[in-house]
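Contents: one structure, followed by commentary.
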Amino acid sequence: MDRFTVQSSEQTNLIYKITKNIPYSEPFRTHKIFNLADDFYTNLITWSKENIAYGVNNKLFIFNYHTCKNELIYEYTNKSITSVYYNSDGTKLSVGCTQGKVDVLDLNSMKNKTYKVHRSRIGVIEWYNDLFYTGSRDKTIKMVDERAGNTKTTVSFHLQEVCGLKLNCTKEMLASGGNDNNIFIYDSRMLNECIYSIKSHKAAIKALSWSKRNPNLLVSGGGTADKSIKLWCLKNKPKLLKNIDSNSQVCNLYWTETNKVISTHGYSQNDSRIYSSNLCMKDVNRGHRNRIIHFAVNDTEEYYLTGSADCLINIWKVPESIDTHRFR
Numbered sequence: 001m002d003r004f005t006v007q008s009s010e011q012t013n014l015i016y017k018i019t020k021n022i023p024y025s026e027p028f029r030t031h032k033i034f035n036l037a038d039d040f041y042t043n044l045i046t047w048s049k050e051n052i053a054y055g056v057n058n059k060l061f062i063f064n065y066h067t068c069k070n071e072l073i074y075e076y077t078n079k080s081i082t083s084v085y086y087n088s089d090g091t092k093l094s095v096g097c098t099q100g101k102v103d104v105l106d107l108n109s110m111k112n113k114t115y116k117v118h119r120s121r122i123g124v125i126e127w128y129n130d131l132f133y134t135g136s137r138d139k140t141i142k143m144v145d146e147r148a149g150n151t152k153t154t155v156s157f158h159l160q161e162v163c164g165l166k167l168n169c170t171k172e173m174l175a176s177g178g179n180d181n182n183i184f185i186y187d188s189r190m191l192n193e194c195i196y197s198i199k200s201h202k203a204a205i206k207a208l209s210w211s212k213r214n215p216n217l218l219v220s221g222g223g224t225a226d227k228s229i230k231l232w233c234l235k236n237k238p239k240l241l242k243n244i245d246s247n248s249q250v251c252n253l254y255w256t257e258t259n260k261v262i263s264t265h266g267y268s269q270n271d272s273r274i275y276s277s278n279l280c281m282k283d284v285n286r287g288h289r290n291r292i293i294h295f296a297v298n299d300t301e302e303y304y305l306t307g308s309a310d311c312l313i314n315i316w317k318v319p320e321s322i323d324t325h326r327f328r
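If you're matching positions, the sequence shown starts at 1 in UniProt numbering and goes up one per residue.
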């Protein structure tokens with residue numbers, strides 16, 4: 001059972017208002033992609049090396065960043081794609097579907113292997129070597145060993161859909177966010193026990209990201225009824241270090257190796273932002289008319305892309321001149 005439960009404190013709540021002195025940036029590149037789903041619980045774009053993979057309805061495409069070649073690589077029968085993720089080295093694509101199945105496509109042989117792991121749609125997948133974790137609308141998390149070809153573990157702490165999953169930099173802790181507004185932290189080697197539960201957000205938690213340098217630092221973002229981004233230290237027990245009101249639905253968070261935090265947003269701003277690691281906003285990027293649900297970062301973290309139901313994929317350059325904050 002849970003060792004610690006943390007609830008938000010008014011004393012730590014720093015309301016952030018968007019100010020006019022934050023610079024706005026233009027997209028580095030823009031591409032048209034039609035029919036990307038406007039569904040908060042899906043993740044339909046992933047990026048590895050020069051290849052950007054994305055799912056539209058039942059079709060899986062790869063777009064080459066260098067050549068701009070767009071290729072349909074797989075078309076599923078009687079399946080709608082709800083999540084797309086590269087594995088750790090970019091040789092395989094995992095595709096979650098509405099029926100609770102994961103298809104793992106080997107990009108060298110183009111052989112497809114199907115795992116029936118859930119009873120409902122799979123909106124989020126997290127890879128670690130030959131293991132992958134899945135989160136579903138059926139409220140559970142599954143860990144699948146691809147070498148063994150079976151489901152090793154089932155986790156059932158959430159009361160509603162699991163919409164966020166992230167391993168920390170040492171791969172020893174797994175964070176999950178749910179439509180029940182809860183975050184659970186697990187020892188990735190013993191998923192049947194929750195180490196911590198965090199009951200601080202007021203809406204679904206899809207956006208989760210860990211520091212690449214400190215395995216105990218986590219940022220989380222809440223949906224439309226919450227709009228907050230929270231910075232946590234999970235050493236010994238969860239401690240809320242900072243809480244900002246983003247004034248928008250938080251759809252994605254990504255903590256870079258250089259200690260920047262990238263966020264994407266839905267209603268009402270539909271923008272992406274770059275923060276220093278202590279959540280001081282440094283840059284705002286606007287280029288969408290709809291909420292930015294789909295998001296990916298390239299391997300070098302020099303660029304990130306945003307995808308929306310407005311038929312646009314925008315590629316943005318991550319600025320190098322952002323001051324970072326070092327936590328001791």
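Just so you know, even glycine gets a beta-carbon here, dropped at the ideal spot from N, CA and C. As the structure is a computational prediction, the values presented were derived from the model and not from experiment.
For residue i, three-class secondary structure by DSSP
| i | result |
| --- | --- |
| I33 | coil |
| R273 | strand |
| E26 | coil |
| V117 | coil |
| T154 | strand |
| D187 | strand |
| G96 | strand |
| E320 | coil |
| C233 | strand |
| M173 | strand |
| N182 | coil |
| D299 | coil |
| L279 | coil |
Limits of the beta strand (DSSP E) - the one that residue i falls within
| i | result |
| --- | --- |
| C163 | 162-167 |
| D130 | Looking at the DSSP string, D130 is not in any beta strand (DSSP E), and its letter there is neither H nor E. |
| L240 | 239-245 |
| M143 | 141-145 |
Exposed unless 16 or more other CB atoms sit within 10 angstroms - verdict on residue i
| i | result |
| --- | --- |
| D226 | buried |
| D106 | exposed |
| R273 | buried |
| F295 | buried |
| F34 | exposed |
| S246 | buried |
| G178 | buried |
| L279 | buried |
| G100 | buried |
| K166 | buried |
| M190 | exposed |
| P238 | buried |
| A148 | exposed |
| H66 | exposed |
Residues near residue i by beta carbon distance below 6 Å, same chain, minus five either side
| i | result |
| --- | --- |
| R289 | D310 |
| F184 | F157, S176, C194, S197 |
| L253 | A207, S209, V219, G221, S263 |
| R137 | S120, R121, E161 |
Close beta carbons around residue i, own chain, < 7 Å, minus the five adjacent residues each side
| i | result |
| --- | --- |
| E257 | K212, E301 |
| D299 | S48, K49 |
| Y267 | T224, S248, Q249, R291 |
| N64 | E50, N51 |
Check whether residue i and residue j have beta carbons under 8 Å apart
| i | j | result |
| --- | --- | --- |
| V95 | V124 | no |
| T77 | T98 | no |
| F28 | Y303 | yes |
Contact set for residue i: own chain, Cβ-Cβ below 8 Å, skip 5 residues either direction
| i | result |
| --- | --- |
| T46 | I52, A53, Y54, V84, Y85, Y86, L93, A296 |
| T140 | H118, T154, V155, S156, H158, V162 |
| K20 | Note that K20 has pLDDT 46, beneath the 50 cutoff, so the model's placement of it is unreliable and the number below is only indicative. Taken in chain order, the list of residues that qualify is empty. |
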